[in-house]
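A.B. asks:
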Amino acid sequence: MAASIRSSRGPLGIACAALTLCTGLLVAAPQTALAASADGYVRLAHLSPDTPAVDVYLYSGGAKTPKLVLRHVPYGALSPYQKLPTGAYTVAMRPADAPAASKPVLSTKVTVDRGQAYTVAGMGPYKGIRLQVLDDSAALPAGKAALRVIEASLKVPTVKVTCAGKTWPDPVKFGDATDYHSVAAKSTSVKVAGDSGGSATVKVPLGAGSVHTVVVLDGGSGLKLLDLRDTTTGAVTPRGGVDTGFGGLAGHRSGPGWQLGGAGAAALLVALTGVGIARRRARS
266 MAASIRSSRG
276 PLGIACAALT
286 LCTGLLVAAP
296 QTALAASADG
306 YVRLAHLSPD
316 TPAVDVYLYS
326 GGAKTPKLVL
336 RHVPYGALSP
346 YQKLPTGAYT
356 VAMRPADAPA
366 ASKPVLSTKV
376 TVDRGQAYTV
386 AGMGPYKGIR
396 LQVLDDSAAL
406 PAGKAALRVI
416 EASLKVPTVK
426 VTCAGKTWPD
436 PVKFGDATDY
446 HSVAAKSTSV
456 KVAGDSGGSA
466 TVKVPLGAGS
476 VHTVVVLDGG
486 SGLKLLDLRD
496 TTTGAVTPRG
506 GVDTGFGGLA
516 GHRSGPGWQL
526 GGAGAAALLV
536 ALTGVGIARR
546 RARS
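Just so you know, we're using our numbering here: the sequence shown kicks off at 266 and counts up by one.
1. Under three-state DSSP, which class holds K332?
2. Using the three-state DSSP reduction, which class does G327 fall into: helix, strand or coil?
3. Between the alpha carbons of H446 and A411, how many angstroms are there, rounded?
4. Looking only at its chain, what residues have a beta carbon closer than 7 Å to the beta carbon of D315, apart from the 5 residues adjacent to it on each side?
5. To the nearest angstrom, how far is it from the Cα of A318 to the Cα of G341?
6. Taking all protein chains shown into account, do 16 or more other C-beta atoms lie within 10 angstroms of the C-beta of S519, making it buried, or fewer, making it exposed?
7. How many Å lie between A365 and G327 at the Cα?
8. Using the Cα positions of T443 and S486, report the straight-line distance between them to the nearest angstrom.
9. Hey, which unbroken runs of the beta strand (DSSP E) at 3 residues or more fall wholly within the region 380 to 428?
10. When the Cα of I415 is compared with those of L312, T453, R308 and V356, which residue comes out closest?
11. How many angstroms separate the CA atom of S452 from the CA atom of G408?
12. When the Cα atoms are used, what is the spatial distance from V338 to A473?
13. So the candidates are A382, V334 and D460; which of them puts its Cα closest to the Cα of T351?
14. Between which two residues does the beta strand (DSSP E) harbouring K374 extend?
15. Roughly how many whole angstroms lie between the Cα atoms of Y324 and V455?
16. Using the Cβ count rule (16 or more neighbours within 10 Å means buried), how would you classify S344?
17. Helix, strand or coil, according to DSSP, for G462 in the structure here?
18. Excluding the 5 residues preceding and the 5 following T423 in the sequence, name in chain order all residues of the same chain whose CB lies nearer than 6 Å to its CB.
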């Protein structure tokens with residue numbers, strides 16, 4: 266079932282120090298667990314290449330105290346999935362370090378339905394950034410997997426996608442997310458390439474019943490592809506991670522009511538500074 270969306274647009278009016286491109290560890294929300302759950306799952310992402318780091322807030326209903334706060338979220342970062350009771354939520358973005366009571370520069374509403382998973386992502390260019398709600402669940406034929414692509418590269422704003430040697434008929438434009446494609450359940454190479462040059466390839470472990478998203482990102486010297494495991498059948502609790510060759514967010518617990526989450530990753534990321542993910546749960 267699709268999420269309900271209301272969004273406002275506008276530039277993020279603050280300059281930030283240059284940040285190293287990073288990616289966050291996320292938790293996959295299994296389809297079987299989702300189907301039997303009275304809750305849903307939401308993860309948050311910053312996928313606007315020319316937009317500085319932001320603080321992201323998640324509120325339930327009309328509450329003024331956030332359930333979740335992500336601090337200094339840079340381009341290319343995603344939060345873990347958050348397990349949430351069904352109902353209406355608001356996601357708001359503010360410039361990094363802006364007061365929590367200040368007016369958000371972006372906000373959107375998402376209705377979390379039972380057994381569904383969603384990604385709420387800041388997408389598009391700085392001057393036209395929007396919050397987009399994506400449904401992360403897919404109905405699959407037996408023995409098949411699913412794959413979609415999110416185009417978040419300004420350097421190569423239109424790409425063609427080739428999966429398992431087959432090129433998808435429609436190119437993917439900057440700021441767009443494709444529908445899920447049903448594909449053979451096997452480990453396969455996914456390649457994206459621009460008409461005027463620029464390409465990247467990632468190996469995706471497409472197990473039977475698994476649902477993946479490949480995000481096209483601007484890297485330091487070309488394109489980078491991020492493989493996300495969205496949902497997976499056959500598991501009891503949410504689990505999983507980002508299959509990627511560059512780094513992640515580091516975190517720790519810090520006092521009652523706060524949890525800094527995320528994970529380190531691999532050696533291709535230069536040292537990450539000034540970035541953290543904080544989770545704050547409002548008292549009932």
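Every residue gets a Cβ at the ideal spot worked out from N, C-alpha and C, and that includes glycine. Remember, it's a predicted structure, so these values are computed and weren't measured experimentally.
C.D. replies: Taking the definition as stated:
1. coil
2. coil
3. 5 Å
4. P390, Y391 and L419
5. 10 Å
6. At S519, the pLDDT of 22 sits below 50, so the modelled position is not reliable and the matter cannot be decided from this model.
7. 15 Å
8. 25 Å
9. 382 to 388, 395 to 400, 409 to 417 and 423 to 428
10. L312
11. 13 Å
12. 33 Å
13. A382
14. L371 to V377
15. 36 Å
16. buried
17. coil
18. P436 and K438
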